[in-house]
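*Asks:* Using this note's numbering, the first residue of the sequence shown is number 14, and each one after it goes up by one. I'd like to ask some things about the structure below.
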Amino acid sequence: MFKLKLTTPPFFALNVQTNISLLTFNTFGIDATAAAFAIAADVAYLQQVLEKNRQPVFILGGGSNILFTEECYPWLFVKNNIQGIEILPDDFPGASEFAGQETVKIKFGGGVAWHEAVEFAVARDWGGIENLSLIPGSVGAAPLQNIGAYGAELKDVFVSLEALDLQTLQLKTFSRADCQFSYRDSIFKSAGYKGRWMITGVVLELQKNPSVNIRYGDLQKTLTERGVARPNIVDVAAAVVQIRRSKLPDPALIGNAGSFFKNPEISAAQFKTLKLQFPSLPGYEAPDGKIKAPAGWLIERCGWKGRRIGAVGCHEKQALVLVNYGGAKGREILQLAELIIADVEASFGIRLTAEVNIVAL
Numbered sequence: 014m015f016k017l018k019l020t021t022p023p024f025f026a027l028n029v030q031t032n033i034s035l036l037t038f039n040t041f042g043i044d045a046t047a048a049a050f051a052i053a054a055d056v057a058y059l060q061q062v063l064e065k066n067r068q069p070v071f072i073l074g075g076g077s078n079i080l081f082t083e084e085c086y087p088w089l090f091v092k093n094n095i096q097g098i099e100i101l102p103d104d105f106p107g108a109s110e111f112a113g114q115e116t117v118k119i120k121f122g123g124g125v126a127w128h129e130a131v132e133f134a135v136a137r138d139w140g141g142i143e144n145l146s147l148i149p150g151s152v153g154a155a156p157l158q159n160i161g162a163y164g165a166e167l168k169d170v171f172v173s174l175e176a177l178d179l180q181t182l183q184l185k186t187f188s189r190a191d192c193q194f195s196y197r198d199s200i201f202k203s204a205g206y207k208g209r210w211m212i213t214g215v216v217l218e219l220q221k222n223p224s225v226n227i228r229y230g231d232l233q234k235t236l237t238e239r240g241v242a243r244p245n246i247v248d249v250a251a252a253v254v255q256i257r258r259s260k261l262p263d264p265a266l267i268g269n270a271g272s273f274f275k276n277p278e279i280s281a282a283q284f285k286t287l288k289l290q291f292p293s294l295p296g297y298e299a300p301d302g303k304i305k306a307p308a309g310w311l312i313e314r315c316g317w318k319g320r321r322i323g324a325v326g327c328h329e330k331q332a333l334v335l336v337n338y339g340g341a342k343g344r345e346i347l348q349l350a351e352l353i354i355a356d357v358e359a360s361f362g363i364r365l366t367a368e369v370n371i372v373a374l
């Protein structure tokens with residue numbers, strides 16, 4: 014494979030490696046080369062590395078929500094490996110969403126695997142994130158797009174986060190309001206913030222006497238099939254894991270990044286018009302009065318589910334998932350996504366947007 018020839022001064026030591034393949038650091042299984050690579054297990058080390066290596070920096074979490082579209086990147090890639098789970102005192106600052114309920118606040122290191130955080134909470138009967146079971150990636154990446162699934166979102170239990178400014182090398186605390194969470198979005202995806210911060214720790218507030226959230230249709234159906242009449246959070250977590258495993262391919266077996274597209278939100282008037290033409294079109298009310306249309310339904314209706322073009326395609330069980338059947342380039346995945354976007358827009362007048370972070374030069 015072609016190795017990038019650096020035209021910049023050599024990267025300094027501190028365990029910074031050069032010309033490293035990113036193949037095993039992204040779930041799409043795209044083989045790209047990083048000019049430099051470091052693993053950060055603590056903030057002090059990262060500050061030292063960045064102080065000595067003033068190069069463009071890209072922060073890697075679990076690699077489950079990114080698509081590398083270039084073969085070589087002249088950047089320093091830093092793998093967030095900051096671990097640790099800490100139970101915080103009751104008076105730890107942060108607005109509570111659970112007035113009158115007994116809660117616990119927990120700080121998770123940014124490099125902790127997200128599902129590990131869920132398992133930690135569920136094992137102690139602390140509720141609030143069980144619906145987010147088996148979402149790939151790290152805790153530090155979760156706030157970037159306000160991860161959500163099966164009727165729950167990260168913002169529902171979020172207290173605050175700590176992040177390192179990659180420009181000033183100073184730590185800053187962000188409250189829930191500071192993060193400006195919305196559907197699969199946050200301030201960290203906006204101009205001026207995107208790519209500037211590495212999230213080192215996240216504080217969540219969970220319920221000690223939890224009530225379950227089973228409003229999502231598939232979740233209710235799965236619990237019924239499992240013979241669970243009065244579910245607890247362990248039951249909910251198990252049902253979510255079952256659903257996800259039945260619908261989503263294992264990245265260890267076939268390259269993918271989960272749902273590639275966001276579910277588009279359209280006006281109630283547009284939904285009503287489309288419903289007359291497509292009576293089976295599902296729709297779910299969004300908090301702002303708009304209607305959320307399932308992107309998977311739109312893509313499948315256009316005939317893309319299970320369709321393959323060379324080494325890439327739409328997964329046979331879930332049209333939202335684009336897959337790398339082996340050896341594909343990132344640009345091939347991107348080209349497939351662009352074809353799907355154009356087809357859906359031509360058919361329904363709805364333009365899909367990517368949930369996956371497209372990494373281009």
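For every residue, glycine included, the Cβ atom is placed at its ideal position computed from N, Cα and C.
Expressed to the nearest angstrom, what Euclidean distance is found between the alpha-carbon atoms of L145 and H328?
*Replies:* Approximately 22 Å between the Cα atoms of the pair.
*Asks:* Where does P87 sit, in a helix, a strand or coil, going by DSSP?
*Replies:* Looking at P87 - three-state DSSP - the assignment turns out to be strand.
*Asks:* Can you check the region 262-302 for any alpha helix (DSSP H) of at least 4 residues that lies completely inside it and give the ranges in chain order?
*Replies:* As far as the region 262-302 is concerned, its whole alpha helix (DSSP H) runs of at least 4 residues are 281-290.
*Asks:* Mind checking who A154 pairs with in its DSSP beta bridge?
*Replies:* Looking at the DSSP assignment, A154 forms no beta bridge with any residue, so it has no partner.
*Asks:* Report the residue from G208, K285, Q255 whose alpha carbon sits nearest the alpha carbon of I8.
*Replies:* No answer is possible for residue 8: the residues shown for the chain start at 14 and end at 374.
*Asks:* Do you know offhand how far K16's Cα is from L294's?
*Replies:* Residue confidence is low: K16 scores 32 on pLDDT, short of 50, so the model does not pin down where it sits. Its coordinate-derived value is still stated next. Approximately 48 Å, taken between the alpha carbons.
*Asks:* Is the separation between the beta-carbon of P223 and that of G164 shorter than 8 Å?
*Replies:* For P223 and G164, no; Cβs fall outside 8 Å.
*Asks:* At what residues does the beta strand (DSSP E) containing Q30 begin and finish?
*Replies:* It spans 30-34 - the beta strand (DSSP E) in which Q30 sits, taken as one unbroken run.
*Asks:* Look up A359 in the DSSP assignment and say whether it is helix, strand or coil.
*Replies:* If DSSP states are grouped into helix, strand and coil, A359 belongs with the helices.
*Asks:* Taking only the alpha-carbon atoms, compute the straight-line gap between I148 and A155 and give it to the nearest angstrom.
*Replies:* So the alpha carbons of these two residues sit roughly 9 Å apart.
*Asks:* State the start and end residues of the unbroken alpha helix (DSSP H) segment that holds I246.
*Replies:* From DSSP, the alpha helix (DSSP H) with I246 extends over 246-260.
*Asks:* So what's W317 in DSSP terms, helix, strand or just coil?
*Replies:* Three-state DSSP puts W317 in coil, outside helix and strand.
*Asks:* Along the chain, where does the alpha helix (DSSP H) that runs through W139 open and close?
*Replies:* Looking at the DSSP string, W139 is not in any alpha helix (DSSP H), and its letter there is neither H nor E.
*Asks:* If you follow the beta strand (DSSP E) that E218 is in, where does it begin and where does it stop?
*Replies:* First-last of the beta strand (DSSP E) with E218: 210-220.
*Asks:* When you compare each of L101, Q68, T37 to Y86 by their alpha carbons, which one comes out closest?
*Replies:* With distances taken between Cα atoms, Y86 lies closest to Q68.
*Asks:* Count the other C-beta atoms from every protein chain shown that fall within 10 angstroms of the C-beta of K18, then say buried if there are 16 or more, exposed otherwise.
*Replies:* Model confidence at K18 stands at a pLDDT of 34, short of 50, so the residue's coordinates are unreliable; what they give is reported in the following sentence. By the neighbour-count rule (16 or more Cβ atoms within 10 Å), K18 is not buried but exposed.
*Asks:* DSSP state of I322, grouped into three classes?
*Replies:* I322 falls in the strand class under three-state DSSP.
*Asks:* Leaving out five residues on either side along the sequence, give the residues of the same chain with a beta carbon under 6 Å from the beta carbon of D301.
*Replies:* None.
*Asks:* Considering only C-alpha positions, which residue in the set N245, Y338, K285, R364 is nearest to A136?
*Replies:* When only C-alpha atoms are compared, the closest one is N245.
*Asks:* Determine the direct distance from the alpha carbon of L347 to that of L374, and round the result to whole angstroms.
*Replies:* For L374 and L347, the distance between alpha carbons rounds to 14 Å.
*Asks:* Does the region 166-180 come within contact of the region 273-287, defined as at least 3 CB pairs closer than 8 Å?
*Replies:* Short answer: they don't touch.
*Asks:* Examine the Cβ distances between the region 332-352 and the region 262-274 and report whether three or more of them are shorter than 8 Å.
*Replies:* A contact exists between the region 332-352 and the region 262-274.
*Asks:* Quick one, are the C-beta atoms of L236 and I142 less than 8 Å apart?
*Replies:* Taking 8 Å as the Cβ cut-off, L236 and I142 do not qualify as a contacting pair.
*Asks:* Spell out the partners DSSP gives C327 in its beta bridges.
*Replies:* Answer by DSSP bridge pairing, in chain order: L335.
*Asks:* Do you know offhand how far L167's Cα is from A45's?
*Replies:* Cα-Cα distance, rounded: 31 Å.
*Asks:* With a CB to CB cut of under 8 Å and the five nearest residues on each side skipped, what residues in its chain are close to K303?
*Replies:* Closer than 8 Å at Cβ, skipping near neighbours: E278, I279, S280, A281.
*Asks:* Does the Cβ of T186 have 16 or more other Cβ atoms within 10 Å, making it buried, or fewer, making it exposed?
*Replies:* Flag for T186 reads exposed.
*Asks:* Between which two residues does the alpha helix (DSSP H) containing A190 stretch?
*Replies:* Start and end: 189-192.
*Asks:* Answer yes if the region 55-73 comes into contact with the region 108-117, meaning at least three C-beta pairs across the two stretches below 8 Å, and no otherwise.
*Replies:* Result no; under three Cβ-Cβ pairs closer than 8 Å.
*Asks:* Distance check for F274 and F50, CA to CA, integer angstroms please.
*Replies:* So the two alpha carbons sit approximately 29 Å from each other.
*Asks:* Which runs of the beta strand (DSSP E) spanning at least 3 residues fall entirely within the region 96-130, listed in chain order?
*Replies:* Taking only runs of at least 3 residues, the beta strand (DSSP E) segments lying wholly in the region 96-130 are 98-100, 116-122.
*Asks:* Would A48 and N32 be called neighbours here (beta carbons separated by less than 8 Å)?
*Replies:* Yes, they are a contact pair.
*Asks:* So, F81 versus V372, is the Cβ gap smaller than 8 Å?
*Replies:* Cβ distance < 8 Å, so F81 and V372 count as in contact.
*Asks:* Is it true that the CB of E345 sits closer than 8 Å to the CB of S272?
*Replies:* Result no, Cβ atoms of S272 and E345 do not sit closer than 8 Å.
*Asks:* For a cutoff of 8 Å on Cβ pairs, would you count R258 as touching chain B?
*Replies:* In the displayed structure, chain B is absent; only one protein chain is listed.
*Asks:* Going along the chain, which residues of its own chain have a beta-carbon closer than 6 Å to the beta-carbon of I200, five neighbours each way excluded?
*Replies:* Answer for I200: C192, Q193, Y206, listed in chain order.
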